[in-house]
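Chains as they are written, first to last, in this note's numbering: chain A, 1 to 404; chain B, 405 to 633.
Beta carbons: idealized from backbone N, C-alpha and C, even for Gly.
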Amino acid sequence: MYLSLSWRNLWRNKKRTIIAATSVFLAVLVAVVMRSMQNGSYAYMIRSSVKFYTGYLQVQGKGYWENRSLDRSIVIDEKQQKEILQIPHITSIVPRLEAFSLVSFEKVTKVAQITGIDPEAENNMTDLKKRLVQGNYLTDMPGGVLIAQGLANMLKIGIGDSVVLYGQGYHGVIAAARLPVAGIVKFPIAKMNNAMVFLTLTNAQNTFSAYGRITSLAIMLDNIKNQAHVYNSLSSMLGGQYTLMTWQEMMPDLVQGIELDNASGLIMLIILYIVIAFGIFGTVMMMTTERAKEFGVLVSVGMQKTRLIWVTTLETAFLAFLGAISGAVFSLPVITYFHYHPIPITGNAAPVFELLGVKPIFYFSTDPWLLINQAIVVLLIALATALYPIFFIKQLQPVQAMRS
Amino acid sequence: MPLIELKNLSKTYNTTAFPVQAVKNVNLQIKKQEFTAIVGPSGSGKTTLLNLIGGLDKPTGGSVFVEERDIATLKANELIDFRLHHIGFVFQAYNLIPVFTAKENVEFIMLLQGISKTIRDKKAVELLNAVGLGERIDSRPSQLSGGQQQRVAVARALASRPNFVLADEPTANLDSHTAESLLDLMEQLNKDYEMTFVFSTHDPRVIKRAHRVVTLEDGAIKFDVGGKN
Ligand SMILES: Nc1ncnc2c1ncn2[C@@H]1O[C@H](COP(=O)(O)OP(=O)(O)OP(=O)(O)O)[C@@H](O)[C@H]1O
Ligand SMILES: [Mg+2]
Numbered sequence: 001m002y003l004s005l006s007w008r009n010l011w012r013n014k015k016r017t018i019i020a021a022t023s024v025f026l027a028v029l030v031a032v033v034m035r036s037m038q039n040g041s042y043a044y045m046i047r048s049s050v051k052f053y054t055g056y057l058q059v060q061g062k063g064y065w066e067n068r069s070l071d072r073s074i075v076i077d078e079k080q081q082k083e084i085l086q087i088p089h090i091t092s093i094v095p096r097l098e099a100f101s102l103v104s105f106e107k108v109t110k111v112a113q114i115t116g117i118d119p120e121a122e123n124n125m126t127d128l129k130k131r132l133v134q135g136n137y138l139t140d141m142p143g144g145v146l147i148a149q150g151l152a153n154m155l156k157i158g159i160g161d162s163v164v165l166y167g168q169g170y171h172g173v174i175a176a177a178r179l180p181v182a183g184i185v186k187f188p189i190a191k192m193n194n195a196m197v198f199l200t201l202t203n204a205q206n207t208f209s210a211y212g213r214i215t216s217l218a219i220m221l222d223n224i225k226n227q228a229h230v231y232n233s234l235s236s237m238l239g240g241q242y243t244l245m246t247w248q249e250m251m252p253d254l255v256q257g258i259e260l261d262n263a264s265g266l267i268m269l270i271i272l273y274i275v276i277a278f279g280i281f282g283t284v285m286m287m288t289t290e291r292a293k294e295f296g297v298l299v300s301v302g303m304q305k306t307r308l309i310w311v312t313t314l315e316t317a318f319l320a321f322l323g324a325i326s327g328a329v330f331s332l333p334v335i336t337y338f339h340y341h342p343i344p345i346t347g348n349a350a351p352v353f354e355l356l357g358v359k360p361i362f363y364f365s366t367d368p369w370l371l372i373n374q375a376i377v378v379l380l381i382a383l384a385t386a387l388y389p390i391f392f393i394k395q396l397q398p399v400q401a402m403r404s
Numbered sequence: 405m406p407l408i409e410l411k412n413l414s415k416t417y418n419t420t421a422f423p424v425q426a427v428k429n430v431n432l433q434i435k436k437q438e439f440t441a442i443v444g445p446s447g448s449g450k451t452t453l454l455n456l457i458g459g460l461d462k463p464t465g466g467s468v469f470v471e472e473r474d475i476a477t478l479k480a481n482e483l484i485d486f487r488l489h490h491i492g493f494v495f496q497a498y499n500l501i502p503v504f505t506a507k508e509n510v511e512f513i514m515l516l517q518g519i520s521k522t523i524r525d526k527k528a529v530e531l532l533n534a535v536g537l538g539e540r541i542d543s544r545p546s547q548l549s550g551g552q553q554q555r556v557a558v559a560r561a562l563a564s565r566p567n568f569v570l571a572d573e574p575t576a577n578l579d580s581h582t583a584e585s586l587l588d589l590m591e592q593l594n595k596d597y598e599m600t601f602v603f604s605t606h607d608p609r610v611i612k613r614a615h616r617v618v619t620l621e622d623g624a625i626k627f628d629v630g631g632k633n
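Structure (structure tokens):
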């Protein structure tokens, strides 16, 4: 009977209740869609970025990140690599040997980053083969090198020409080689386009006398959600002999960009919440004050205030649930739709994505926690407004209430 | 043993610019099954007196005894329960819960008392029949006339099996014909259920119907006629 009393009280003023419930509904809907888009886009951006080169995690020699010297290279043998791959949620591992050296062709000499790669593993992760604008990939010509387009232009080198590498190998050994150009690759980022040279890992190891060694092992995961978990398993497996870096450490700019965007999103959310809070509060306040006389009569005839508070709190709860649940339920198909039909990004933001070589789209997350969290937050806000009738009834003096 | 006994009861309001002595040194005994009207001009203290008897307001002097119990000894929530179990109230207006039907309104007070659904049902119907609204048990207050609403209020007041019913100007919003028939009803219930009624009014036609008339003037008892002694 108390339930039915609350429920019917709620519908005394249908229009007002519908407006209030609709505002809760819209708040949840907007909040969910907004968060879905933000979170989805972050995940997409992160995935695109880590796929581009670093991976979610990287195993490196101690101190390598600060001082990129071949002397800090490491050995991770096949057995160890297999063990790493066996850790759940790790989808692939990509070994690399990175070194700086001079490259020259005829009269031109430049500094380049030489990277020894496992052509297949590298391609699976970074789609390097797709960047090929001329010539062949390393799988077709394992003895050759891939030169970034900008660098090739500076060297005025072409397919079939041979480039000379000259630098320092492992433990100061002189490294020199003359290798044919297999292909030209194009990078969207100038810094890379003017500096990168790829060759097979074995070729690089031989050239730099770093037999069996790598400077980094990039690791890809099925889902960013599992990163912390994998990090823990991996670091306990590796012990203290290597450094395990996260994409956050390797790409602090990306982290900062996301945090900034996220903060502005949260501010918008808070504004939304405040607007909603006032909307519900107004409704609850009106529902309370206009019934002062009635409350006075009820307490007079013998209704304990706690019961009356229970009835009014239920009213607010009904209102909040009605809006929050329907908002959450309705937003599900909306974000699911956008999840499969992402919104293309136009305008200023688009080139940023293109720089990374990924499609400029707003990706939507369908993480169910998103719905649950938003519904709970809005619900709590709505329930907080129930403090008003509680306070009102607590201090209610039936005689005064009935007299006014 | 009087059902209700007021001893040197006073109430002074200090909320206004100068203190208002709404009830002055009232001594009054009301016995079981009396049918008493509290009368007096507007502002004479009728409402205040009834509120003091009903424990809705606290006296500034003297005491209210109900069945020899000083109600001032009750804590706030005990007082609410006391009202629930011992006193039936009928107010001038806003008596009923608008979203409840007549029957539900009568039932509700019994729900507060923790009475089971079957008994509630039975008794609500019985009481609504007794007040002549057997046909309207499923009507909402807004679908009932003022007189019918007050009948529901009377039925509700009786539903809690109180020791007595306090009614503050129950006929004030009714035309005189309807007022009379409400009085008929109250008188009938007074007889049938041996229910004690204390009601205030300034309607001469209603006053005529009372068995005992207590007249207030400036908060003090001026006359007290018709009581059984
Ligand atoms: N809560 C209050 N605060 C201040 N003064 C009050 C309060 N309640 C009543 N009074 C004053 O006490 C006096 C008695 O009022 P009360 O309402 O008891 O009279 P009444 O006989 O019921 O009048 P009416 O016939 O108009 O209902 C009046 O002067 C009134 O203004
Ligand atoms: Mg009055």
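Under a CB-based cut-off of 8 Å, is leucine 3 of chain A close to chain B?
no
For the candidate residues A:Met237, A:Thr283, A:Val334, whose alpha-carbon lies nearest to that of glutamine 86 of chain A?
Distance check between glutamine 86 of chain A and each of A:Met237, A:Thr283, A:Val334 places A:Met237 closest, using alpha-carbon atoms only.
Buried or exposed: glutamine 60 of chain A, going by 16 or more other Cβ atoms within 10 Å of its Cβ?
buried
Among residues of its own chain, excluding the 5 on either side of alanine 21 of chain A, which ones have a beta-carbon nearer than 8 Å to its beta-carbon?
Leu319, Leu322, Gly323, Ser326
Identify each residue in the region 297-314 of chain A for which the Cβ-Cβ distance to at least one residue of chain B is less than 9 Å, and report them in chain order.
Listed by position along the chain: Val297, Leu298, Val299, Ser300, Val301, Gly302, Met303, Gln304, Lys305, Thr306, Arg307.
Rounded to the nearest angstrom, what separates glutamate 511 of chain B and alanine 563 of chain B at their Cα positions?
8 Å
Please name the residue or residues paired with phenylalanine 601 of chain B in a DSSP beta bridge.
B:Phe439, B:Val569
So is asparagine 412 of chain B buried or exposed if we call it buried at 16+ other beta carbons inside 10 Å?
exposed
Based on the DSSP secondary-structure assignment, which residues constitute the bridge partners of lysine 110 of chain A?
A:Val103
Between the alpha carbons of glutamate 315 of chain A and threonine 91 of chain A, how many angstroms are there, rounded?
51 Å
Quick check: what's the CA-CA separation for methionine 514 of chain B versus alanine 277 of chain A?
The alpha-carbon atoms of methionine 514 of chain B and alanine 277 of chain A are separated by roughly 37 Å.
Cβ-heavy atom distance between threonine 419 of chain B and ligand 1 below 7 Å?
yes
Would you say aspartate 485 of chain B lies against chain A (beta-carbon separation less than 8 Å)?
So, interface residue.
How about valine 399 of chain A: is its C-beta nearer than 8 Å to some C-beta of chain B?
yes
Compute the Euclidean distance between the alpha carbons of leucine 70 of chain A and leucine 146 of chain A, then round it to the nearest angstrom.
21 Å
Between threonine 440 of chain B and ligand 2, is the CB less than 7 Å from at least one heavy atom?
no
Does any heavy atom of ligand 1 sit closer than 7 Å to the C-beta of arginine 403 of chain A?
yes
Could you tell me if the beta carbon of aspartate 622 of chain B falls within a distance shorter than 7 Å of some heavy atom in ligand 2?
Not so, every heavy atom of ligand 2 lies at least 7 Å from the Cβ.
Residues of the region 592-613 of chain B in Cβ contact with chain A at a cutoff of 7 Å, in chain order, please.
Against chain A - using a Cβ distance shorter than 7 Å - the region 592-613 of chain B contributes no residues.
Helix, strand or coil for methionine 196 of chain A, going by three-state DSSP, please let me know.
Look at methionine 196 of chain A here: in three-state DSSP terms it is strand.
List the residues of chain B whose Cβ lies closer than 8 Å to the Cβ of methionine 402 of chain A, in chain order.
Phe495, Tyr498
Taking only the alpha-carbon atoms, compute the straight-line gap between asparagine 633 of chain B and glutamate 438 of chain B and give it to the nearest angstrom.
Note that asparagine 633 of chain B scores a pLDDT of 49, beneath 50, so its modelled location is shaky; the value from the coordinates is reported in the next line. Straight-line Cα distance between these residues: approximately 11 Å.
At what residues does the beta strand (DSSP E) containing isoleucine 372 of chain A begin and finish?
Note, isoleucine 372 of chain A: premise wrong, no beta strand (DSSP E); alpha helix (DSSP H) at 368-384.
With respect to the beta strand (DSSP E) encompassing methionine 245 of chain A, which residues constitute its N-terminal and C-terminal limits?
Looking at the DSSP string, the run of the beta strand (DSSP E) that includes methionine 245 of chain A is 242-246.
Counting only C-beta atoms, is asparagine 226 of chain A closer than 8 Å to chain B at any point?
Answer no: the Cβ-Cβ gap between asparagine 226 of chain A and chain B never drops below 8 Å.
When you compare the CB of valine 510 of chain B with every CB in chain A, is at least one pair closer than 8 Å?
no
Compute every distance between the C-beta of lysine 450 of chain B and the non-hydrogen atoms of ligand 2, then say whether any falls below 7 Å.
yes
Is valine 494 of chain B near ligand 1, judged by its Cβ being under 7 Å from some heavy atom?
no
Would you tell me roughly how many angstroms separate the C-alpha atoms of glycine 212 of chain A and glutamine 80 of chain A, rounded to the nearest one?
13 Å
Looking only at its own chain, which residues have a Cβ that is under 7 Å from the Cβ of arginine 12 of chain A, when we skip the five neighbours before and after it?
Spatial neighbours of arginine 12 of chain A in its own chain (CB-CB distance under 7 Å, excluding positions within 5 residues in sequence) are not present.
Does any residue of chain E bring its CB to less than 8 Å from the CB of asparagine 13 of chain A?
The chain labelled as chain E is not found among the protein chains of the depicted structure, namely A and B.
For chain A, is any of its Cβ atoms less than 8 Å away from the one on asparagine 633 of chain B?
Low confidence applies here, because asparagine 633 of chain B scores a pLDDT of 49, under 50, leaving its location unreliable; read the following figure in that light. Chain A, which has no Cβ nearer than 8 Å to the Cβ of asparagine 633 of chain B, makes this no.
Whose C-beta lies closer than 8 Å to the C-beta of valine 503 of chain B among residues of the same chain, with five residues either side of it excluded?
Arg544
Beta carbons nearer than 7 Å to chain B: which residues of the region 283-298 of chain A have them?
Closer than 7 Å at the C-beta level to chain B, one finds these residues of the region 283-298 of chain A: Lys293, Glu294, Val297.
Rounded to the nearest angstrom, what separates isoleucine 287 of chain A and valine 424 of chain B at their Cα positions?
In the sequence on display, residue 287 of chain A carries methionine and not isoleucine. So the alpha carbons of these two residues sit roughly 34 Å apart.
Between arginine 8 of chain A and chain B, is there a C-beta pair that is closer than 8 Å?
yes
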